[in-house]
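Using the numbering used here, read the sequence shown as starting at 2 and increasing by one per residue. All C-beta atoms in this analysis are idealised placements derived from N, C-alpha and C, irrespective of residue type, glycine included. Notes for the one structure printed next.
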Amino acid sequence: MTVLILGGTTEAAALDQHLADQAPDIRAIISLAGHTVDPRPTNLPVRTGGFGGVEGLRRYLVEEGIVAVVDATHPFAAIMPFNAEHACKAEGVPLLAIRRESWKPRAGDRWKSVPDIEAAAQVLGDEPRRVFLTVGRLELPAFANAPQHRYLVRAIEPIGDRLPVPHVDVIQQRGPFDVDDEEDLMRREGVEILVSKNSGGPATVGKLVAARRLSLPVVMVERPPKPDVETVDHIDQVLPWLVAQGLFATERGV
Ligand SMILES: NC(=O)c1ccc[n+]([C@@H]2O[C@H](COP(=O)([O-])OP(=O)(O)OC[C@H]3O[C@@H](n4cnc5c(N)ncnc54)[C@H](OP(=O)(O)O)[C@@H]3O)[C@@H](O)[C@H]2O)c1
């Protein structure tokens with residue numbers, strides 16, 4: 002009786018700790034795509050790498066005796082949530098998705114919402130600007146088509162040659178980020194425009210507050226579509242859901 006947690010997010014890391022504290026007898030495993038070379042340490046066992054599409058995930062569910070799947074992937078993971086939906090439906094395995102709320106603009110915000118990264122690169126315009134890119138290193142190649150800008154890139158891993166333009170400064174850092182530090186950074190680096198994915202959550206919202214304080218424009222990349230599956234917005238709701246599935250007896254001391 003093993004629960005599969007599809008991870009790669011702060012929610013998956015928090016769920017790892019939550020289950021260790023609240024339900025140490027539940028057997029769970031965290032699955033990571035393997036994109037991050039140095040992922041956060043976990044309490045639960047970890048498996049790494051793709052499953053091999055829907056068919057591979059179906060095989061995995063059967064072979065590993067998976068009784069429930071928690072999709073705690075990132076709001077911008079566009080494929081895995083659909084694979085989970087199809088595989089779980091096919092194998093009759095209950096699936097719950099954790100979806101954090103998206104960020105909403107507030108008074109004073111100067112956001113321009115765009116549907117995808119390519120559109121974000123386009124709306125930066127022809128005039129050279131100091132652009133703070135906080136989109137994740139895998140999305141950087143889209144900005145190679147706008148080499149006139151001077152980029153400040155923040156990424157967890159080294160970016161390699163993903164942004165082959167004349168002016169790039171890189172900060173290698175993992176959140177959470179403090180609002181005042183974000184404001185200092187933007188001032189110091191002369192940032193004129195911020196590019197962000199609408200990831201939601203508290204860990205990286207500081208840059209948006211700082212941009213509001215500095216009255217800087219923000220290009221906000223909105224989320225890709227997600228499958229219509231049972232969803233919660235907080236990890237606290239996962240354990241009651243597992244209990245409600247009849248898989249585990251009670252919430253404490255299962
Ligand atoms: N996209 C982002 O902005 C972002 C940001 C932070 C963290 N992450 C995390 O990074 C991972 C990859 O993101 P992505 O945008 O490439 O996702 P994706 O487009 O939905 O997935 C691409 C492929 O990566 C594999 N994969 C994704 N998540 C996996 C997981 N948790 N365990 C095992 N295999 C997984 C699957 O390969 P197979 O088809 O072979 O199974 C999937 O088809 C996700 O776990 C996500 O939570 C993504």
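**OP:** Would you kindly work out how many angstroms separate the C-alpha atoms of G207 and E86, rounded to a whole number?
**Re:** 33 Å
Original post:
Hey, would you say the C-beta of H75 is under 6 Å away from at least one heavy atom of ligand 1?
Top reply: yes
Original post:
Helix, strand or coil for D182 per DSSP?
Top reply: helix
Original post:
What's the gap between the Cα of L45 and the Cα of V71?
Top reply: 14 Å
Original post:
If you compare alpha carbons, which of P95, A212, R59 is closest to V4?
Top reply: P95
Original post:
Which residues in the same chain have their Cβ closer than 6 Å to the Cβ of V55, if we skip the five residues on either side of it in sequence?
Top reply: N84, H87, A88
Original post:
Does the region 206–220 come close enough to the region 181–191 that 3 or more CB-CB pairs lie under 8 Å?
Top reply: yes
Original post:
What number of angstroms, rounded off, separates the C-alpha of G57 from the C-alpha of E128?
Top reply: 47 Å
Original post:
Going straight from the alpha carbon of T11 to that of V192, what length do you get?
Top reply: 27 Å
Subject >> Proximal residues to G50 (C-beta, below 6 Å), its chain only, five neighbours per side dropped >> reply: G35
**OP:** Determine the burial state of H150: buried for a count of at least 16 other Cβ atoms within 10 Å of its Cβ, exposed for fewer.
**Re:** buried
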